[in-house]
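All the letters of the sequence shown, read from the start, carry residue numbers 273 to 584 under my numbering.
Every residue gets a Cβ at the ideal spot worked out from N, C-alpha and C, and that includes glycine.
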Amino acid sequence: MTTLLYVQPNSDDHVTPPGHPERPDRLKRLKTLFDSDRFEGIERHEVEPADYALAETVHSAHFIEQVLSTRPAEGIAQLDPDTYISPKSLEVASTALGAALSALDSVMQGEANNAFCAMRPPGHHAERDKPMGFCLVNTIAVAAHMAREKHGAERVAIVDFDVHHGNGTQNIFETVPDVFYASSHQAPLYPGTGDASETGVGNIVNVPLAAHSDGSAMREAYNDRILPALNAFSPDVLLVSAGFDADTRDPLAQLDWGPQDFAWVTGKLMDIAERRCSNRLVSLLEGGYDLEGLADGVEAHLNMLFKGTTTG
Ligand SMILES: [Zn+2]
273 MTTLLYVQPN SDDHVTPPGH PERPDRLKRL KTLFDSDRFE GIERHEVEPA
323 DYALAETVHS AHFIEQVLST RPAEGIAQLD PDTYISPKSL EVASTALGAA
373 LSALDSVMQG EANNAFCAMR PPGHHAERDK PMGFCLVNTI AVAAHMAREK
423 HGAERVAIVD FDVHHGNGTQ NIFETVPDVF YASSHQAPLY PGTGDASETG
473 VGNIVNVPLA AHSDGSAMRE AYNDRILPAL NAFSPDVLLV SAGFDADTRD
523 PLAQLDWGPQ DFAWVTGKLM DIAERRCSNR LVSLLEGGYD LEGLADGVEA
573 HLNMLFKGTT TG
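Below, the structure written as structure tokens:
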């Protein structure tokens with residue numbers, strides 16, 4: 273059993289305006305990290321694009337029409353104040369989908385314990401009807417849908433440790449009792465959702481964290497709220513919205529997490545995946561906008577996924 277690494281080949285082709293935090297340099301930095309000797313033992317997988325039309329499994333016709341009609345022939349067009357689309361952006365979103373779905377296939381078929389997909393743009397802000405927050409398709413929502421439809425998973429859990437609340441994922445699944453969604457996030461902060469009172473049909477757990485709180489507040493949130501609820505839900509597969517913008521260096525948020533905190537939460541999620549679903553865990557990159565904070569967080573996350581699967 274092993275850990276699989278999926279690295280998006282065409283990440284440079286989704287272009288955002290100068291100064292935009294969600295930029296090709298994020299994946300360039302990660303590709304440099306993955307080329308280091310420390311990652312030699314991790315199996316790389318080729319990424320094939322999936323059909324962007326798979327977005328229809330979780331988004332409305334209006335969503336797809338908005339994205340397709342805004343896509344420019346040249347230059348960069350704007351979907352909302354933060355969200356941009358360039359001529360080849362949907363090809364990039366398609367390889368993000370392809371990586372996620374191939375990782376899901378491998379993990380569900382028992383070819384690997386877990387997988388991490390290094391990809392952009394992020395997806396967790398994309399609601400059923402609204403592309404927003406840098407997101408052109410809610411990739412993790414499509415993966416959750418396919419886990420149920422293609423692989424027969426009865427219960428799918430999504431845990432989101434990106435510093436922002438995954439309003440899109442919550443919006444898509446808040447009335448679906450067999451999909452669990454838990455998020456830790458800074459509040460108040462964009463997008464403004466994720467109050468602890470938002471519980472869906474009993475399938476949603478939101479734990480807001482105060483600005484400048486550190487890893488100890490995060491550990492308390494996971495130990496007291498998220499991990500017990502996840503364990504009780506007992507998923508057939510665990511999907512992770514892995515954002516690294518809770519790092520203390522991140523320019524878009526003010527939490528004070530470090531690499532050791534990303535390692536800790538990864539280990540705890542792996543413990544539950546081992547106990548409840550034969551280790552099946554698929555992790556998708558969401559945010560993380562300080563290049564070094566992103567690289568250090570991903571390294572800690574991947575080391576833990578890999579260590580867990582090699583030492584048993
Ligand atoms: Zn984020």
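query: In DSSP terms, what tryptophan 529 is bridged to; result: Asp519
query: DSSP-derived helix/strand/coil call for arginine 316; result: strand
query: Residue-level contact to chain D via CB, proline 523, 9 Å cutoff; result: Absence of chain D from the displayed structure is noted, only one protein chain being present.
query: Check whether alanine 425 and methionine 380 have beta carbons under 9 Å apart; result: yes
query: Coil, strand or helix - aspartate 486 by DSSP; result: strand
query: Which residues DSSP lists as bridging isoleucine 430, in chain order; result: Tyr453 and Leu511
query: Isoleucine 544, DSSP secondary structure in three states; result: helix
query: Endpoints, the beta strand (DSSP E) within which serine 555 is located; result: 553-557
query: Length-filtered (4 minimum) alpha helix (DSSP H) runs lying within the stretch 339-406; result: 361-380
query: Alanine 514: CB within 8 Å of a non-hydrogen atom of ligand 1; result: no
query: Residue range of the unbroken alpha helix (DSSP H) whose run includes valine 479; result: First-last for valine 479: 476-481, but that is the beta strand (DSSP E), not the alpha helix (DSSP H).
query: With 16 other Cβ atoms within 10 Å as the buried cut-off, status of lysine 300; result: exposed
query: Residue environment, threonine 583, which counts as buried when at least 16 other CB atoms sit within 10 Å; result: Because the pLDDT at threonine 583 is just 48, under 50, the model does not fix this residue reliably, and the point stays unresolved.
query: Option in Pro290, Arg298 and Arg552 with minimal Cα separation from valine 570; result: Arg298
query: Tyrosine 278 - DSSP class collapsed to helix/strand/coil; result: strand
query: Counted within 10 angstroms of its Cβ, other Cβ atoms place proline 394 as buried (16 or more) or exposed; result: buried
query: Close beta carbons around proline 344, own chain, < 8 Å, minus the five adjacent residues each side; result: Ile357, Ser358 and Pro359
query: Histidine 331 CB to nearest heavy atom of ligand 1 below 8 Å; result: no
query: Integer Cβ distance of leucine 599 from alanine 493, believed to fall under 8 Å; result: Examination of residue 599 is not possible in this model, given that the chain is present from 273 through 584 alone.
query: Member of Phe445, Leu369 and Ala489 whose CA lies at the smallest distance from the CA of asparagine 282; result: Leu369
query: 9 Å Cβ cutoff met for aspartate 517 and valine 409; result: no
query: N- and C-terminal bounds of the alpha helix (DSSP H) containing phenylalanine 445; result: 439-445
query: Contact between the stretch 380-392 and the stretch 551-560 (3+ Cβ pairs under 8 Å); result: yes
query: Check: aspartate 434 C-beta below 8 Å from any heavy atom of ligand 1; result: yes
query: Distance cut-off 8 Å: glutamate 558 Cβ against heavy atoms of ligand 1; result: yes
query: Status (buried if at least 16 other CB within 10 Å, exposed otherwise) for glutamine 280; result: buried
query: CB of isoleucine 444 within 9 Å of CB of valine 477, strictly; result: no
query: Leucine 481 CB to nearest heavy atom of ligand 1 below 8 Å; result: no
query: Heavy atom of ligand 1 within 8 Å of aspartate 517 beta-carbon; result: yes
query: Span separating the alpha-carbon of serine 506 from that of tyrosine 453; result: 12 Å
query: Lysine 422 burial status per 10 Å Cβ neighbour count (16 or more: buried); result: exposed
query: heavy atom of ligand 1 below 8 Å from leucine 566 C-beta; result: no
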